[in-house]
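Protein sequence lines, in the order shown, are assigned to chains G and H.
If you read the first sequence in the working numbering, its first letter stands for residue 1, the second for the next number, and so on.
If you read the second sequence in the working numbering, its first letter stands for residue 182, the second for the next number, and so on.
Let me begin by presenting the structure, written as structure tokens, before commenting on it.
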Amino acid sequence: MQDRIKIHNCVLLLLALFFFSCATTQAPRGWLASSDKTQTDVYGGWFEIKYSSASKVKAPTVGELIAISEDSIFIADQTFHAIARNDIKSARLVIYKSNSEGMGGLVALGTVSTISNGFFLIFTAPMWIIGGSIAAGARSYEPIVDYPKKELSSFMPFARYPQGLPLGIDRSQIKSKPRAL
Amino acid sequence: MLSLFRAFDKIMILSLVLVLIGCSGFRKVKREITTPASFQKLPETQLKVMRESSPFLKVHMQNGNIYVLQTWIVDSTRQHVVGYGTLFNAKRDTLRQGQFQVGLDSVAIFETNVLKPSGAATALTVFTGITAAITIACITNPKACFGSCPTFYVLDGDSLRLRAEGFSASIAPSLEATDVDALFHASTVGEELMIEMRNEAIETQVVRYVDLLAVPRAKKHRVFADLDGSFWESPALSSPISATGPEGDCLISLLVADGNERYSRADSTDLSTKEIIELEFENIPQQLCGLVIGCRQTLLPTYLLYQTFAYMGNNAGYWFAQIERKNVKQHQNSIQKIMGGIEILIQDSLGDWKLVDQVDEHGPLATDFHLVPMSRLASESAKIRLRMTKGNWRIDYVALALLSQPVQALRIHPHLVLKDGFVDEHARAVLCDSTKALTTLPGDVYTLRYQMPGTSIDYELFLESRGYYLEWIRKEWIEEENPLLLAQMFLNPQAALKRLAPEFKQVEKEMEKHFWRSRYARPH
């Protein structure tokens, strides 16, 4: 009975740790491809920009990362945006769907597996909760790259045009990837 | 019976977790971009590796179109990529599916995506593995669980091979040390050398720097580091004409550094028992020479180290704090000193054996090559003895090196560091500043790239690393806590080595297999 109460409390703690440690993204549901699908996906990653206080634009801009040039970032939602790199305070690129919520479930199951450890529960269960929650939290970050932690140039491979904006392209025709139904 | 049943329950749940992890798509993406010029120069072996690891090739065209090819080759003219797939326009509308021939002169960039197991999923798998290992492997052989310092992998042909391990004896901050390892088989391809640094054990590793030492050498010459860290150029190497150990002739294992090692089993009644290998050389030139030995430890020292940790049990933290405060003095007859290194003895003109020096490089993972200068030998033939603790050493190569001159090494810092495929400028900056340290955790893999100073000069390469590491105490070890036996390890090590001999003999044969199987690694 004591062990069962301990496990119950451990799982509650686990859920709390999980929710606080996972990364967030504004990508619409169904927009992001799975990691496997990135092999054939022909669009850029999901990009979220926050502006510096000196910028005239205040509200964050979000959409598909189209291209990066020396002085600008190009994003598309329903319209095409060209943003000066100097105006960017921070940015987040999400390359694919992390499936971290699924991993949280596995962590809970792993914690349950330690029920039979008896005395050693106090060693093994915390390992699962702490290690497992870090693992689930880490998973939600894996497809995510943040600026200024990483240089903006390191985002280029994940743009729709990693080579840069093609010359002569009609920018008005470029729209964000449609959401999967 | 009940505990067996509970163990079975646990295995079933853990197995379910492993299956779910495998099925749930927890994989991450490593994306690489290649220019047409670089792509054109890739050898066929590398193109084959690319096709196998990244089934789809994305070809970004200069006009914004993109081909996604699921099967492809580069034609014999190397001017076209030919394949089957789908063509999209710049707006990403599908234009056509089928066979295509794409001219490289219209290509802007090639993109490949390799799926790798997620680090987090691997961590979960490993946590599951650790818990399962309690029930299966490590519980029967806790001292065989993998442990090491940072391991370094170098490209050999088209695969990475373990070629060095850093500061193996530095198990505490106060034991931080510098280690120089010969990259005996390494050669640079073009202007850059790539090395992977991995944390493959249940350890925290603290790395101050990892520098490449490049020593210029004349054609067909080799360079070796002596025990003081000086470098010597050698124009010629002579193999022994005979090598005899207690088992008889062992010459064949020592002639070529090919991984075919000479080693022995530990003594069954006293782990400190010594053995001798006698080498004979002929036609020795009358000038300065040195003995070259390529060797590594067996797992016997690892076993003794882990047994000491096990006796510490829950008090391991206390003992390590004592080490840091320098309250645990290096005893004259400590286990480490008793087990010792490989002593080099040479027979003088009176037939007496004189000790020249001792090779004592710690680490069971990678063979390292050492030079023991011997000054001018009195005659054209010489007998040299290697005296060492039985079962403690694996020797891959011995030779007598003619020494021409001491030489200086060029120190090269990594110019690029990647972690999980992403440029990690912070890690590079830390590794180039010896006042700082890079901390790595189990499973971490860093790719270090070094710019060679010039392609026209031949270099002998060495890796210099500095740091220390902290073992994570295994749960199974805590069960063996025993202050009295710990005291014996420190105060009467000779008796401890006799007492532990039968115990070690029970696990010695299988230990190697268990050790490598319990390595903490992301599949590559």
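Positions of the beta carbon are idealized from the N, C-alpha and C atoms, including for glycine.
What is the C-beta distance between H/Q632 and H/H596, in whole angstroms, given that I count them as a contact (C-beta under 8 angstroms)?
Position 451 of the second sequence holds residue 632 of chain H. Position 415 of the second sequence holds residue 596 of chain H. At roughly 5 angstroms, the Cβ-Cβ gap stays under 8 angstroms, so H/Q632 and H/H596 are in contact.
With a threshold of 8 angstroms between beta-carbons, can H/Q243 be considered close to chain G, or not?
Translated into positions along the second sequence, residue 243 of chain H becomes position 62. It does; some Cβ of chain G falls within 8 angstroms.
Give the single residue among H/V288, H/F348, H/L432 whose Cα lies nearest to the Cα of H/V240.
On the second sequence, position 59 is the one that residue 240 of chain H refers to. Of the listed residues, the one whose Cα sits closest to H/V240 is H/V288.
Would H/I247 and H/F269 be called neighbours here (beta carbons separated by less than 8 angstroms)?
In the second sequence, residue 247 of chain H corresponds to position 66, counting from 1. In the second sequence, residue 269 of chain H corresponds to position 88, counting from 1. Yes, these two residues count as a Cβ contact at 8 angstroms.
Close Cβ partners of H/E760 (< 6 angstroms) along its chain, the five nearest in sequence each way excluded
In the structure displayed, chain H extends from 182 to 705; residue 760 of chain H sits before or after that span and is not available.
How long is the line joining the alpha carbons of H/G471 and H/I376, rounded to whole angstroms?
Mapped onto the second sequence, residue 471 of chain H falls at position 290. Mapped onto the second sequence, residue 376 of chain H falls at position 195. Each residue's Cα considered, the two are about 29 angstroms apart.
Mind pulling the beta strand (DSSP E) runs of 3 or more residues that sit fully within the stretch 354 to 386 of chain H?
358 to 363, 373 to 379
Limits of the unbroken alpha helix (DSSP H) element including H/Q488:
Here residue 488 of chain H refers to the residue found at position 307 of the second sequence. It spans 481 to 493 - the alpha helix (DSSP H) in which H/Q488 sits, taken as one unbroken run.
In angstroms with no decimal places, state the Cα-to-Cα distance between H/H402 and H/T425.
Taking the second sequence and counting its residues from 1, the one referred to as residue 402 of chain H is at position 221. Taking the second sequence and counting its residues from 1, the one referred to as residue 425 of chain H is at position 244. In a straight line, the C-alpha of H/H402 is about 28 angstroms away from that of H/T425.
Pick out whichever of H/V396, H/L536, H/T252 has its Cα sitting closest to the Cα of H/I525.
If you number the second sequence from 1, residue 525 of chain H lands on position 344. With distances taken between Cα atoms, H/I525 lies closest to H/L536.
For a cutoff of 8 angstroms on Cβ pairs, would you count G/Q78 as touching chain H?
Within the first sequence, numbered from 1, the residue matching residue 78 of chain G stands at position 78. So no, G/Q78 is outside the interface.
Could you confirm whether any beta carbon from chain H is found closer than 8 angstroms to the beta carbon of G/Q173?
Residue 173 of chain G sits at position 173 when you count from the first residue of the first sequence. With 8 angstroms as the cut-off, G/Q173 counts as an interface residue toward chain H.
Rounding to the nearest angstrom, what Cα-Cα distance links H/Q468 and H/P482 in this structure?
As a working mapping, residue 468 of chain H is identified with position 287 in the second sequence. As a working mapping, residue 482 of chain H is identified with position 301 in the second sequence. Each residue's alpha carbon lies about 37 angstroms from the other.
Compute the minimum distance between the beta carbon of H/T621 and the heavy atoms of the ligand NAP, and state whether it is under 7 angstroms.
For the ligand NAP, the structure offers nothing, since it holds no ligand at all.
6 angstroms CB neighbourhood of H/D407 in its chain, flanking five on each side removed
Here residue 407 of chain H is taken as the residue at index 226 of the second sequence, counted from 1. Excluding sequence neighbours, H/D407 sits near L552, P554.
Specify, as a first and last residue, the run of the alpha helix (DSSP H) that H/H607 falls within.
Reading the second sequence from its first residue, position 426 is the one you call residue 607 of chain H. H/H607 -> alpha helix (DSSP H) spans 606 to 612.
With a CB to CB cut of under 7 angstroms and the five nearest residues on each side skipped, what residues in its chain are close to H/I523?
What you label residue 523 of chain H is simply residue 342 of the second sequence in a count that begins at 1. I474, C476, Q539, V540, L567, M569, W574.
Give the list of continuous alpha helix (DSSP H) stretches no shorter than 4 residues that lie fully inside the stretch 202 to 267 of chain H.
217 to 222, 225 to 234
Taking H/F490 and H/E384 to be in contact with their CB atoms under 8 angstroms, please state how far apart those CB atoms are, rounded to whole angstroms.
As a first step, residue 490 of chain H must be located in the second sequence, where it is residue number 309. As a first step, residue 384 of chain H must be located in the second sequence, where it is residue number 203. Actually they are not in contact, since the Cβ atoms of H/F490 and H/E384 sit about 12 angstroms apart, beyond 8 angstroms.
Hey, is the stretch 88 to 97 of chain G in contact with the stretch 42 to 54 of chain G, meaning 3+ C-beta pairs nearer than 8 angstroms?
yes
Does any CB atom of chain H fall closer than 8 angstroms to the CB of G/I95?
To locate residue 95 of chain G, count along the first sequence from 1; it is residue 95. Chain H contact via Cβ: present.
For G/K150, the three-state DSSP class (helix, strand or coil)
By one-based count along the first sequence, residue 150 of chain G stands at place 150. In this structure, G/K150 counts as coil in the three-state DSSP scheme.
Cα-Cα separation between H/S415 and H/L584, rounded to whole angstroms
Your numbering for residue 415 of chain H matches position 234 in the second sequence. Your numbering for residue 584 of chain H matches position 403 in the second sequence. One C-alpha to the other measures close to 5 angstroms.
Top-ranked residue by Cα proximity to H/M692, from H/V626, H/I457, H/L485
Stepping through the second sequence from its first residue, residue 692 of chain H is reached at position 511. Cα-wise, what sits closest to H/M692 is H/L485.
Take the Cβ of H/D529 as the centre, count every other Cβ of all protein chains shown within 10 Å, and call the residue buried at 16 or more, exposed below.
Translated into positions along the second sequence, residue 529 of chain H becomes position 348. Per the 10 Å Cβ criterion, exposed.
Measuring alpha carbon to alpha carbon, tell me which residue in H/F333, H/G347, H/Y640, H/A350 is nearest H/A399.
Here residue 399 of chain H refers to the residue found at position 218 when the second sequence is read from its first residue. Closest by alpha carbon: H/Y640.
Strictly below 7 angstroms CB to CB, what residues from chain H border G/T25?
Here residue 25 of chain G is taken as the residue at index 25 of the first sequence, counted from 1. Going along chain H, no residue has its Cβ under 7 angstroms from G/T25, so there is no contact; the nearest lies around 16 angstroms.
For H/Q260 and H/I254, the rounded distance between their alpha carbons
Within the second sequence, the letter at position 73 stands for residue 254 of chain H. Within the second sequence, the letter at position 79 stands for residue 260 of chain H. When rounded, the distance between both Cα atoms is 11 angstroms.
Strand pairing of G/Y193, partner residues [DSSP]
A question about residue 193 of chain G goes unanswered here, because the residues of chain G that appear run from 1 up to 181.
From which residue to which residue does the alpha helix (DSSP H) around H/K518 run?
Here residue 518 of chain H refers to the residue found at position 337 of the second sequence. Its alpha helix (DSSP H) spans residues 516 to 520.
Between H/D256 and the rest of its own chain, which residues show a CB-CB distance below 6 angstroms, the 5 nearest in sequence each way excluded?
Here residue 256 of chain H corresponds to residue number 75 of the second sequence, with the count starting at 1. The residues are V263.
Which same chain residues, not among the five before or five after G/S72, have their C-beta less than 7 angstroms away from its C-beta?
Sequence index remark: in the first sequence, residue 72 of chain G carries index 72 (1-based). Same-chain partners within the cutoff: A82, I83, A84, R85.
Taking only beta-carbon atoms, is H/K272 less than 8 angstroms away from chain G?
The residue given as residue 272 of chain H occupies position 91 in the second sequence. Yes, contact with chain G.
With respect to the alpha helix (DSSP H) encompassing H/L720, which residues constitute its N-terminal and C-terminal limits?
Residue coverage of chain H in this structure runs from 182 to 705, which leaves residue 720 of chain H outside it and unanswerable.
Could you pull out every residue in the same chain whose Cβ sits closer than 7 angstroms to the Cβ of H/M520, ignoring the five residues on either side in sequence?
For the purposes of this step, residue 520 of chain H is taken as residue 339 along the second sequence, with counting starting at 1. Same-chain partners within the cutoff: S453, P482, T570, N573.
What are the boundary residues of the beta strand (DSSP E) that includes H/R403?
One-based indexing of the second sequence puts residue 403 of chain H at position 222. H/R403 -> beta strand (DSSP E) spans 403 to 406.
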